[in-house]
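What follows is a single structure, written as structure tokens, with notes after it.
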Amino acid sequence: TRLFAQRKRLRHLGEHAPKFSMGFDLGFIGENDYYLSLPFKRSLVAILLSGAFFAVFTIPLFSVGSVAFGEADESLFALIAVFFSLFWMLGWSVGVAILGLIFLAVTFGRESVRIRNNQLILRIGLPGIGIGFRFHGDVVRYFRRNKPDVIIGTSWRGDHLCFDYAGESINFGSAISAEKAEEILSVLKLAFPRHAD
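The working numbering puts the first residue of the sequence shown at 42, with every later residue one more than the last.
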């Protein structure tokens, strides 16, 4: 997809390439840090679909579990059947867990932006924890508010923010009003004075 192709193109930056970032997003900030939880546009269709898939895929897990842990004789065939059921449940539960995380993300998810040690950290996730990328401040350029674009896959964001990173456009935020965008952009431009180079 476009996101993976973009990530591949940015690898040539070496030490300035975006670094994967996972951590607790509780809003704790140091004296020289900046943290902001961004608006997150929610889709009722995505919430309903992910919730339906999660519910449908959970039913077989509990059905097999009730059979596996129900009363059974102690024959060799019964023990093999229980072992197979447990092995199947382990694999199936991974898929159920992923669907559960997707449902939680589209229902309660949020994006955050953090500035720390000349790095711009963008994360998306659930309240308290997020995953994303760290961008080196020396490469960040041209902060701006952007319109949704179906071609590049940002239509779900609505009006959002973006910046250039070694010629690649990095998008973040969703459904951001002009006033809120101006407030956020003024902080980002002040924190990264080379953005206009």
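Backbone N, C-alpha and C define an ideal beta-carbon position, used for all residues, glycine too.
Buried or exposed: which applies to residue i, given that a residue is buried once 16 or more other Cβ atoms fall within 10 Å of its Cβ?
i      : result
His53  : exposed
Leu231 : exposed
Asn187 : buried
Leu85  : exposed
Glu183 : Note on identity: in this sequence residue 183 is Tyr, with Glu being the wrong assignment. Burial call: exposed.
Glu152 : buried
Arg50  : exposed
Val180 : buried
Phe61  : exposed
Val147 : buried
Gly132 : exposed
Ser227 : exposed
Arg185 : exposed
So what does residue i bridge to, in DSSP terms?
i      : result
Asn212 : Cys203
Leu167 : Ile170
Met63  : Ile172
Ile162 : Arg155, Arg175
Which residues bound the alpha helix (DSSP H) around residue i?
i      : result
Val267 : There is simply no residue 267 to check, as the chain begins at 42 and stops at 238 in what is shown.
For the beta strand (DSSP E) holding residue i, just list the boundary residues, first then last.
i      : result
Leu77  : 75-79
Ile156 : 151-157
Arg182 : 181-187
Rounded to the nearest angstrom, how far is the Cβ of residue i from that of residue j, given a contact under 8 Å?
i      : j      : result
Asn159 : Gly178 : 4 Å
Leu74  : Arg164 : Correcting the residue type first, residue 74 is Asp in the shown sequence and not Leu. Actually they are not in contact, since the Cβ atoms of Asp74 and Arg164 sit about 14 Å apart, beyond 8 Å.
Phe144 : Pro168 : Between Pro168 and Phe144 the Cβ distance is about 15 Å, and since that is not below 8 Å, they are no contact.
Gly214 : Leu79  : 4 Å
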